[in-house]
Amino acid sequence: MENMGVFFALLGAVLAAVMSGIGSARGVGMAGEAAAGVVTEDPSKFGKVLILQLLPGTQGIYGLLIAFITLTQIGILGGSSDVSLYKGLLYFIACLPMIFVGYWSAIRQARAAVASIAMVAKR
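Sequential numbering of the sequence shown, starting at 95, is according to the working numbering.
If you want it as structure tokens, here you go:
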């Protein structure tokens with residue numbers, strides 16, 4: 095019971111990184127499929143569609159950043175890892191927005207990127 099605070103804080107950090115990473119992977123994949131068609135037709139548009147394809151990947155970076163901040167704050171990446179259950183639950187709750195929003199916003203960014211890639215294709 096004495097390490098449950100560390101457990102919940104770690105759970106939040108891991109889920110923030112994993113879920114936003116999964117969302118980013120799906121999002122970059124969706125945008126990549128759209129970009130592949132555009133580049134096949136007109137290779138000169140590669141630079142424009144590459145930037146649009148990479149936009150959903152930012153959510154994965156944010157999730158990883160939240161995970162590193164959490165790991166640093168609880169002492170896993172240096173210092174003592176003396177975290178009470180209450181404090182561990184607070185860290186978990188603090189990670190919840192990134193767990194859910196990181197996943198879904200990456201997919202929504204991918205939809206916007208796919209629409210933008212379609213606009214690049216028409217020009």
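Glycine is no exception: its CB is placed at the ideal position from the N, C-alpha and C atoms.
- In the DSSP assignment, Ser210 falls within the unbroken alpha helix (DSSP H) covering 179–216.
- The Cβ neighbour count for Gly173, taken over all protein chains shown within 10 Å, is under 16; the residue is labelled exposed.
- The Cβ neighbour count for Thr166, taken over all protein chains shown within 10 Å, is under 16; the residue is labelled exposed.
- Per the C-alpha coordinates, the member of Ser210, Lys216, Arg217 positioned closest to Met124 is Ser210.
- With distances taken between CA atoms, Ile193 lies nearest to Ala107 out of Gly99, Ala107, Ala103.
- A straight-line Cα-Cα distance of about 26 Å links Gly117 and Ile170.
- Going by C-alpha positions, Tyr197 is about 12 Å away from Ile155.
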